[in-house]
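Residue numbers (this note's numbering): 80 to 475.
1. Alpha carbon to alpha carbon, how far is residue 177 from residue 234?
2. If we ignore side chains and look at the alpha-carbon of each, how far apart do residue 167 and residue 180 end up?
3. Between which two residues does the beta strand (DSSP E) containing residue 168 stretch?
4. Using CA atoms only, rank isn't needed, just tell me which of 435, 450 and 130 is closest to residue 466.
5. Reducing DSSP to helix, strand and coil, say where residue 233 ends up.
6. Opposite residue 178 in the DSSP bridges: which residues?
7. For residue 280, which residues does DSSP report across the bridge?
8. Considering only residues of the same chain and omitting the five flanking positions on each side of residue 339, which have a CB-CB separation below 7 Å?
9. With a CB to CB cut of under 6 Å and the five nearest residues on each side skipped, what residues in its chain are close to residue 193?
10. Measure how close the beta-carbons of residue 332 and residue 294 come, nearest whole angstrom, since I'm counting them as under 8 Å.
11. Keeping to the same chain, check which residues put their C-beta closer than 7 Å to that of residue 348; ignore five residues upstream and five downstream.
12. State the beta-bridge partners of residue 42 as determined by DSSP.
13. In angstroms, rounded to a whole number, what distance separates the CA positions of residue 64 and residue 206?
14. Reducing DSSP to helix, strand and coil, say where residue 322 ends up.
15. Could you work out which residue in 210, 376 and 445 is closest to residue 336 when comparing CA atoms only?
16. Would you identify the three-state DSSP class for residue 228, choosing helix, strand or coil?
17. Please list the segments of the alpha helix (DSSP H) lying wholly inside the segment 363-401, counting only runs of 4 or more residues, in order along the chain.
18. Assuming residue 274 contacts residue 280 under a Cβ cut-off of 8 Å, what Cβ separation, rounded to an integer in Å, is found between them?
19. Does the Cβ of residue 357 have 16 or more other Cβ atoms within 10 Å, making it buried, or fewer, making it exposed?
20. If the criterion is Cβ atoms closer than 7 Å, does the pair residue 257 and residue 405 meet it?
21. Report all residues from its chain with a CB closer than 6 Å to the CB of residue 377; omit the five preceding and five following residues, and keep chain order.
22. Helix or strand or just coil, what does DSSP make of residue 350?
23. Just the Cα atoms here: how many angstroms apart are residue 323 and residue 158?
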């Protein structure tokens, strides 16, 4: 929302891409992610239709206007009789097409049309269910889900501004983000993660890594992609993934309800109160606490509105002083039993950034193969792999 930069297509690779080429050992024992969660209950009351807003076909503004107003009349509560609308596309959105939508006498709403190819990577039902749940937790937990249609949704518009890259390192803002993450993570108390027969919680990170790697192996059966993927050294990944998993087992961290993508474009500052709201729950789900915090700190290195948006800037990674300030704000007056000191938590978070880079490197390769967005996914993936391999070498 706002003038935000989005660069990721959300979610989980469809089971259909699994094959015998998947490394058998890279998945830790986990539960079926959705085995104990009935998502249909959460979204069954949300108005919906199957109409599609096909942006590739609706090139003319009049055709797009007619399609959008028709969908509004069908599903948006109170918009059944609207005679005119105005809509402006939000600049900088790179995953979905996002619009501000207005009509006389109506409150502004946000229209989100899913990106081309996104359904190959996303579990929309789960995403929508969590968005619905979060909007019920508190007024500022997330925008309210208003309605859905075949390839998108309508959300409540929040009067706000999107954070900038520079604000991530602002001490006050950094502490606010930490506190917002702590609040989000606590949802695992009300919605405990599913577990396997041994009581081990399910986490997203290993499923994503496994399924995204599997998809890449499938693509490498095609000579064209095998040649294009040469720079990524895919053949070394099975052993590297096993190594990474073994390292992470040395740094246990409690399972929380994570956002898993707190880049600056996904954090809004409310105009009226100055509070921060974390938005865009494309990747939301259960993950180790240290993973989600590490993922945010890695985002300090990326300026998606800069001259080189696909390249990390290592010197922007937070210093120890900045990290400890962030982590102390996260802990606040509620100690974390599994992490007895802020220094120990810091070391755990740093370790989990290795897995963070691996996951987004794999994501970048998949995006390189399918996305129509004007973004250098090849460079992005290569840089992520380079950091992953360099950091993994520090953990023999």
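Even glycine gets a Cβ: it sits at the ideal position worked out from N, Cα and C.
Working from what's here:
1. The straight-line gap from Cα to Cα measures roughly 10 Å.
2. Rounded to whole angstroms, residue 167 to residue 180 spans 7 Å at the Cα level.
3. Where residue 168 is concerned, the enclosing beta strand (DSSP E) stretches over 165-168.
4. Looking at the Cα atoms, 435 is the closest of the given residues.
5. Looking at residue 233 - three-state DSSP - the assignment turns out to be strand.
6. Note: residue 178 sits in a beta bridge opposite 168 and 190.
7. Answer is 274, bridged to residue 280.
8. Around residue 339, the same chain offers 283, 362, 363, 364, 366, 371 and 374 as residues with beta carbons nearer than 7 Å, after the five sequence neighbours per side are excluded.
9. If we look at residue 193 and ignore the five residues flanking it on each side, its Cβ neighbours are 175, 230 and 231.
10. For a cut-off of 8 Å, the C-beta gap from residue 332 to residue 294 is around 27 Å, too long to register as a contact.
11. Around residue 348: 239, 240, 242 and 355.
12. The requested residue 42 is not part of the displayed model; the chain covers only 80 to 475.
13. Because the chain spans 80 through 475 in this model, residue 64 falls outside it and cannot be assessed.
14. Helix.
15. Looking at the Cα atoms, 210 is the closest of the given residues.
16. Residue 228: strand per DSSP, three-state reduction.
17. Qualifying alpha helix (DSSP H) stretches, in chain order: 368-378.
18. Contact flag correct, Cβ pair sits at about 5 Å.
19. Buried, since its Cβ has 16 or more Cβ neighbours within 10 Å.
20. Yes, these two residues count as a Cβ contact at 7 Å.
21. Around residue 377: 432 and 435.
22. It is coil, neither helix nor strand.
23. The alpha-carbon atoms of residue 323 and residue 158 are separated by roughly 51 Å.
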